[in-house]
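Per the numbering used here, the very first residue in the sequence shown carries number 16; after that it's consecutive. C-beta: ideal position from N, C-alpha, C; glycine also. Worksheet for the structure shown next.
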Amino acid sequence: MMGETIVQQTAKNIFWSNILRLFAAFCLAVTLTAVPASAQDKGEAYWASIDQDEARSRTGPSSDYKIIWVYVRKNLPVKVLRRYGVWRQIEDPDGSQGWMHSRLLSRTRTAMIIGDDVQEMREKPNAASPLAWRAQPGVVGKLGACSDGWCRLDVNGRIGYVRAEALFGVGEPNAGEEPAASP
16 MMGETIVQQT AKNIFWSNIL RLFAAFCLAV TLTAVPASAQ DKGEAYWASI DQDEARSRTG
76 PSSDYKIIWV YVRKNLPVKV LRRYGVWRQI EDPDGSQGWM HSRLLSRTRT AMIIGDDVQE
136 MREKPNAASP LAWRAQPGVV GKLGACSDGW CRLDVNGRIG YVRAEALFGV GEPNAGEEPA
196 ASP
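As structure tokens, this is what we get:
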């Protein structure tokens, strides 16, 4: 360093300082992306519903991942399996899983008629109660209270009680299930 000027020494110091900063930033980025989703998982599974007329589900928790489903059914109930930042891993009534941005979801509880048969919606929560409505598989409604195997369902103002086993979106979302795999 004998023959170097102060300007040359300062330029070298700045150069190596910038290289060191870039290397530190790279190491931090690798560390953060290497953290598995399970380490960032916050809380238990819960029920939600799609809050938009169109919502995309992706293969991973980022808009950089491939779109696997485009849901065009607002209020469709989904099970949120895990969280990763603003992303939620969801499962739909057919069992398909994907990642969806949290702004596309609502905590409003809805339920969907499942199975192959038309379900009876009763005026009160028992089989002997008068028939109020009939609902086909795929019908979605706002979920009310559930007890003794019956749930109150409001389908666009048509209110009745449906057997809980005929609904997707009721019960404990993680009961008897293994945790979902990390992305």
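Return the chain-ordered list of same chain residues with a C-beta closer than 8 Å to the C-beta of residue i, the five sequence neighbours on each side being excluded.
i: residue 84; result: 71, 72, 107, 111, 113
i: residue 129; result: 108, 152, 181, 182, 183
i: residue 69; result: 85, 86, 87
i: residue 171; result: 156
Leaving out five residues on either side along the sequence, give the residues of the same chain with a beta carbon under 7 Å from the beta carbon of residue i.
i: residue 118; result: none
i: residue 161; result: 179, 185
i: residue 47; result: Low per-residue confidence applies at residue 47: pLDDT is 42, beneath 50, and the placement is therefore not dependable, though the value from the model is reported in the following sentence. Closer than 7 Å at Cβ, skipping near neighbours: no residue.
i: residue 188; result: 60, 61, 62, 94
i: residue 101; result: 116, 117
i: residue 163; result: 140
i: residue 131; result: 152
Per DSSP, residue i is paired with what?
i: residue 169; result: 157, 174
i: residue 121; result: 64
i: residue 105; result: 95, 113
i: residue 134; result: 150
i: residue 73; result: 82, 114
i: residue 128; result: 182
i: residue 162; result: 165
Which residue's Cα is closest to the Cα of residue i: the options?
i: residue 67; options: 88, 76, 59, 161; result: 88
i: residue 148; options: 175, 141, 99; result: 175
i: residue 98; options: 62, 162, 170, 167; result: 62
i: residue 203; options: 168, 172, 189, 173; result: Residue 203 lies beyond the stretch modelled for the chain, which goes from 16 to 198, so this question has no answer here.
i: residue 116; options: 146, 141, 145, 82; result: 82
i: residue 105; options: 187, 64, 166, 142; result: 64
i: residue 77; options: 103, 59, 171; result: 103
i: residue 177; options: 166, 171, 59, 170; result: 166
Looking only at its chain, what residues have a beta carbon closer than 6 Å to the beta carbon of residue i, apart from the 5 residues adjacent to it on each side?
i: residue 80; result: 73, 74
i: residue 145; result: 138
i: residue 150; result: 128, 134, 136
i: residue 140; result: 165, 176
i: residue 173; result: 148
Just to confirm, does residue i get its C-beta within under 7 Å of one of the non-hydrogen atoms of the ligand COA?
i: residue 161; result: As for the ligand COA, it is missing from this structure, which has no ligand bound.
task: For the segment 149-169 and the segment 124-131, state whether three or more C-beta atom pairs, one from each stretch, are separated by less than 8 Å.
output: Touching, per the Cβ criterion.
query: Is the segment 84-96 touching the segment 131-147 in the sense that three or more CB pairs, one from each, lie closer than 8 Å?
result: At 8 Å Cβ cutoff, the stretches do not touch.
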